[in-house]
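Structure record follows, encoded as structure tokens.
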Amino acid sequence: MAACEPSPRPGKRKAPAKGDAWATNLRFAEFLNDVVARFDPQYRHIYVNAAITLHTGRPPEAFLGKTNRELGMPAELVDHWDAKLAEVFRTGQATEAQFAFDGPEGVRNFRTRITPEIDHLGQVRSVLTFARDVTAEQILQQLNAAQSQAATGLAHTHAPGYYQAIVESSDDAIIGKELNGVVTSWNQGAQAIFGYSAAEMLGRSLLVLFPADRLNEELFIIERLLQGEKVDHFETVRVHKSGRPVHVSVTISPIRNADGRIIGASKVARDITPMRLQEARLRLALDATRTGLWDWDVRHDRVERTAQNHLNPEAPFADRNGSLADFLASAHTADRVLLATALADYAANRQEQLALEYRLALPPKVEPRWVLLKGQAVERDAQGLPLRVLGTLSDVTASKRAERALVERESRLSRVLKGSNQGYWDLDLQTRDLQVSERWETMLGYRPGELNLADEAWRAYVHPEDLPPTLLRVEQHVAGVLESVEAEIRCRTKSGAWLWVLTQGRVVQWDAEGRPWMMSGTHTDISERKRFELEQLEANTVFSGSYEGVMVVGSDHRIRRVNPAFTRITGYASDEVLGQYPSILSSGLQSKSFYRDLWERVHQQQYWSGELWNRRKNGEVYAEHLSISTVHDRSGQVHHYIGIFSDITQLKSHEEELDRAAHYDPLTSVPNRRLLADRMEQAIARTARSETSLAVCYLDLDGFKGINDQFGHAIGDQLLVRVTENLKQVLRNADTLARLGGDEFVLLLADIGSPQECALILERVLKAVAQPMDLDGKLLTVSASIGVSLYPQDHADADTLLRHADQAMYRAKDAGKNRFHLFDPDSDRKAQIHRRMVDRLAQALTNHEFRLHYQPKADLASGRIEGVEALIRWQHPEQGLLSPGVFLPDLEGSRMECPVGEWVLDSALAQAHAWRAQGQRVPVSVNVSANHLLSPHFVPHLQAALQRYPGVAPQDLELEVLESSAIHDLESAVEVLQQCKALGVALALDDFGTGYSSLTHLRKLPVDVLKIDQSFVRGMLQDREDHGIVEGVVRLASAFGRRAIAEGVETMAHGAALLALGCPLAQGYAIARPMPADALPAWVQDWPARFADHRQALAVVPRPWAPE
């Protein structure tokens, strides 16, 4: 970066005795406002002055050895800049450039002068640039042009608001004034720099900003303006509104009217106070610290030094400018290796900084002189190695002497402070450096010597809110207003936390002119005290602002203090209860033993929490949640108690409502299933401790569904409420009545002495339920079926007891309703075995474990095969082939009865269809249970099955229905059988003679065949009654036009007897045993020969039952 070439400021530095012009300009460059930079042929910075920090926010060191592109400058700017540098390196001619840069102060405009540096061979070895901020000048030119155009009436490109926006957005002070100094315009930048607002300055003389010793500058400025000249970058001092001086760089241009007459001026002022303070500090440091400069040409091993006779009065050190060897020889013999090593390490980039204290070579018996050498590379080669190093040589003998004295003083002081656990500090009021003790650092979590607090760096460790008032106290103390400094401040620890510290100090040393020089003081960790104060403040805030009531009770149990919430809740003012006992709030609802236990708990555990009822001042009782804590003094004695309570009256009410909704039936207001479970657990626990029994009674209303369907849910609900009221009247106080839902109730009868006592109570319950009820003019009656399980006779848990009672209830219904049934554990075990068997049957159906065997039926008169009966078998994977007697009892009435029946029907039809396909017509009989027959899906399933197997004629399928099942629900059975008949299916009444059917029933049933039960057939040859029954059935079948077939024909003697009675159709072992489907064709083939063998036996009628 660069701008216009600056005008040198004579007198700033004395030119060196030797070296090129760059060495001289380099020293001046550090005092310039312009940005001065030096670039090598690769466009890398090899020098940048301090002004770069003002415009970029980066220190000069950040630029060295890097190009603008590597520094992340905007690409467009870098391309423009590199093109200019390339031009100068190529032509060797100076040039100028304009560019804008967006820095910490916003967008600034720079005018740049780029100058080549040519070596003795005529080659451009580097380029020197000077960049000047001309933003204010350009604004001033635009303003003057606008004002001139306005005065001459010429049109201008931008509206006045445009220029006003520029003026107001500038950080520089832009001021308009008349020739007499009266201010006519004043922007925000002027207010920021001088402290006056526009309202305060407009119409006022600008001389208010002039110090008394600079008033003559205004005459000089007016003379220049009247001559039409511009005052450019005039540096001077003005006075801020607060009275402090402000260093400014001023540019002033005349303003003319339409006639060209000068009528005023535009002034742009830039605050250069920070730069001037920096210059002043540098000059003061050089003068006060007896510091000289040194310049090391690394390539030629030359060292150039300014006058430094004060460093060594005994030797001509100031005149010894020359080789590096001479420079090293000026050091004490014991320190020359140390100095040579430090310089070599820095030249090789092994050390980032060059700073070293060493002694000078002096005659014997002369006090050693200590020198502090510091240096910084200002020029580097392409590899980044230093080519030129510039630095300072300072006499630090006095400081080393002071260090020794300070060490001794600190040693004494540390012994004193170590006992008090305090840290101490020394503040140099002139340099603002802070020296601290080890305890000061460790107090903040740092290791001794870890902190660098020089050059006011210590300010960063003080809380921003505490720093200004503390510095004000220091200023007031230095000015004599305060005797000493004392402040409580927060200091930032290494972990980032804030530690409260009490800092105390005073001025302990003054300089030769009597000005305060050194302050000393101590730091005390007061974090514990501040924490206690904060806790006290928070406690008081909580105490006063808490929504909960707080009561402080002394060890004498008298009230010492209450908060506003106490008054709001209880109605008692503070002065009404102080000195009173807390019993003033007692409601009387808690017993004396309650309070005795409460205080015993407080004394033993130092705490109590719970709910109780108290009384307000107006007599109203309220619920509160109270917690009591014990507070002890340092000796461990009880000092006081703190009671904190809240009014939970509404909460209790809501809890009761929620509890009722959660635990009580909304219709009948009796316990619901959830509360019943809790009551059962409690009742079981009580019963287990006594010698009585608990009766769990499951009650279901008989006939309720019909009433509900006929008269509606409203009447049904009324009936349930009335039944509940009737039951409550006959139950005891210790008993529980609960509603599970619908018309199902549960009764818990506690303290039952015997089953007889339970029976008496249940008889009353049955009568109470069966009472006629007048509901909306309708006299309605229901009954109850009750199942009972007794504990501990039925030693089960609550759920199991309820389930057993439910099972017993169904037994009561099956037994005729309006009765109760006691659960039998043996029956339950059988039921469990039954359920497991049903589950296994379901699995067998899924796993295709069932098989059909077929038993032929024959006409013993002709030998003709009438068909086969399909008989189910179970091919059990472990137990082998099981007969129906093993599993049919569990199948009947179970959920699997219909699915298995459908499988038998489908499988039989499939087999008949297969035989038909093989050329054999084999009618098949299938047994159908009552439940399967009367199920709503039976007929549709049958019809669909017949349609799936069109090869089977409907008449070739015969459905065998048990006589007992047919007469159980005669009307429904007749209806279903007629539908089956309509499909063409043949029907047989199985086991005829066992169902005690009347002739009327037989006449109504549309059956084709009566199957004589095998129990009569087997005994007909030995038992006259069995013979008579068989004969009667045969004649009855003939009378009603039905065919008869005898089951259980085990011998041909039975066959002969049946033929004698006129019943040729037979089925039994004498003909064939049940066989798999694949064995039937062979049997059919062998049957004619076998039948021929039987003809002679069939012709012999057995005696004594042969007809006369």
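With our numbering as the guide, the letters of the sequence shown map in order to residues 59 to 1166.
Built from N, CA and C at the ideal position, the CB exists for glycine as well.
Given the structure is predicted, the values throughout are model-derived calculations rather than measurements.
Short Cβ contact (8 Å threshold) for residue i with residue j
{"i": "Leu805", "j": "Leu734", "result": "no"}
{"i": "Leu557", "j": "Arg564", "result": "no"}
{"i": "Pro850", "j": "Ser748", "result": "no"}
{"i": "Val289", "j": "Val308", "result": "yes"}
{"i": "Val689", "j": "His683", "result": "no"}
{"i": "Glu508", "j": "Arg490", "result": "no"}
{"i": "Tyr639", "j": "Arg616", "result": "yes"}
{"i": "Leu445", "j": "Arg357", "result": "yes"}
{"i": "Ala889", "j": "Leu880", "result": "no"}
{"i": "Ala826", "j": "Asn784", "result": "yes"}
{"i": "Val447", "j": "Gln434", "result": "yes"}
{"i": "Ala11", "j": "Leu265", "result": "Shown here, the chain extends from 59 to 1166; a query on residue 11 therefore has no answer."}
{"i": "Arg96", "j": "Ser184", "result": "yes"}
C-alpha distance - residue i paired with residue j, whole-angstrom precision
{"i": "Ala1115", "j": "Leu963", "result": "33 Å"}
{"i": "Arg1006", "j": "Asn985", "result": "20 Å"}
{"i": "Val429", "j": "Thr331", "result": "32 Å"}
{"i": "Pro998", "j": "Asp1014", "result": "18 Å"}
{"i": "Thr500", "j": "Ala231", "result": "48 Å"}
{"i": "Leu967", "j": "Arg1093", "result": "32 Å"}
{"i": "Asn407", "j": "Phe268", "result": "51 Å"}
{"i": "Gly637", "j": "Phe624", "result": "15 Å"}
{"i": "Ala81", "j": "Pro303", "result": "Per-residue confidence for Ala81 stands at a pLDDT of 43, beneath the threshold of 50, marking its modelled position as unreliable; no derived number is given."}
{"i": "Gln1036", "j": "Leu1000", "result": "13 Å"}
{"i": "Asp384", "j": "Thr349", "result": "20 Å"}
{"i": "Gly1120", "j": "Val1010", "result": "30 Å"}
{"i": "Arg877", "j": "Gln787", "result": "19 Å"}
{"i": "Val297", "j": "Leu335", "result": "15 Å"}
{"i": "Val420", "j": "Tyr404", "result": "In the sequence as displayed, the identity of residue 420 is Leu instead of Val. Taking the straight line from one Cα to the other gives about 26 Å."}
{"i": "Leu670", "j": "His581", "result": "53 Å"}
{"i": "Ala1111", "j": "Asp1144", "result": "21 Å"}
{"i": "Ala743", "j": "Phe769", "result": "43 Å"}
{"i": "Gln480", "j": "Glu496", "result": "10 Å"}
{"i": "Ile930", "j": "Val1142", "result": "21 Å"}
{"i": "Phe159", "j": "Asp439", "result": "28 Å"}
Coil, strand or helix - residue i by DSSP
{"i": "Ser687", "result": "strand"}
{"i": "Leu636", "result": "coil"}
{"i": "Asn367", "result": "No answer about Asn367 holds up, because its pLDDT of 45 lies below 50 and its placement is not dependable."}
{"i": "Leu670", "result": "strand"}
{"i": "Leu1123", "result": "strand"}
{"i": "Gly764", "result": "helix"}
{"i": "Gly1042", "result": "coil"}
{"i": "His1152", "result": "helix"}
{"i": "His906", "result": "coil"}
{"i": "Ser578", "result": "strand"}
{"i": "Val1174", "result": "Residue 1174 lies beyond the residue range present for the chain, which begins at 59 and ends at 1166; the question has no answer from this structure."}
{"i": "Glu415", "result": "strand"}
Environment of residue i [buried if 16+ CB atoms lie within 10 Å]
{"i": "Ala928", "result": "buried"}
{"i": "Ile104", "result": "buried"}
{"i": "Gly180", "result": "exposed"}
{"i": "Leu592", "result": "exposed"}
{"i": "Gly442", "result": "exposed"}
{"i": "Asp736", "result": "exposed"}
{"i": "Gln978", "result": "exposed"}
{"i": "Ile176", "result": "exposed"}
{"i": "Ser727", "result": "exposed"}
{"i": "Val539", "result": "exposed"}
Would you call the region 114 to 128 and the region 166 to 174 in contact, with 3 or more CB pairs under 8 Å? Counting Cβ pairs under 8 Å, fewer than three are found: no touch.
Count the C-beta pairs between the region 1072 to 1090 and the region 1102 to 1118 that are closer than 8 Å, then say yes if the count reaches three, no if not. Segments in contact, yes.
Three Cβ pairs or more, each shorter than 8 Å: is that satisfied between the region 606 to 616 and the region 572 to 588? In short, these stretches do not touch, since the Cβ pair count stays below three.
Contact between the region 769 to 780 and the region 713 to 721 (3+ Cβ pairs under 8 Å): The answer is no - the region 713 to 721 does not touch the region 769 to 780, with fewer than three Cβ pairs under 8 Å.
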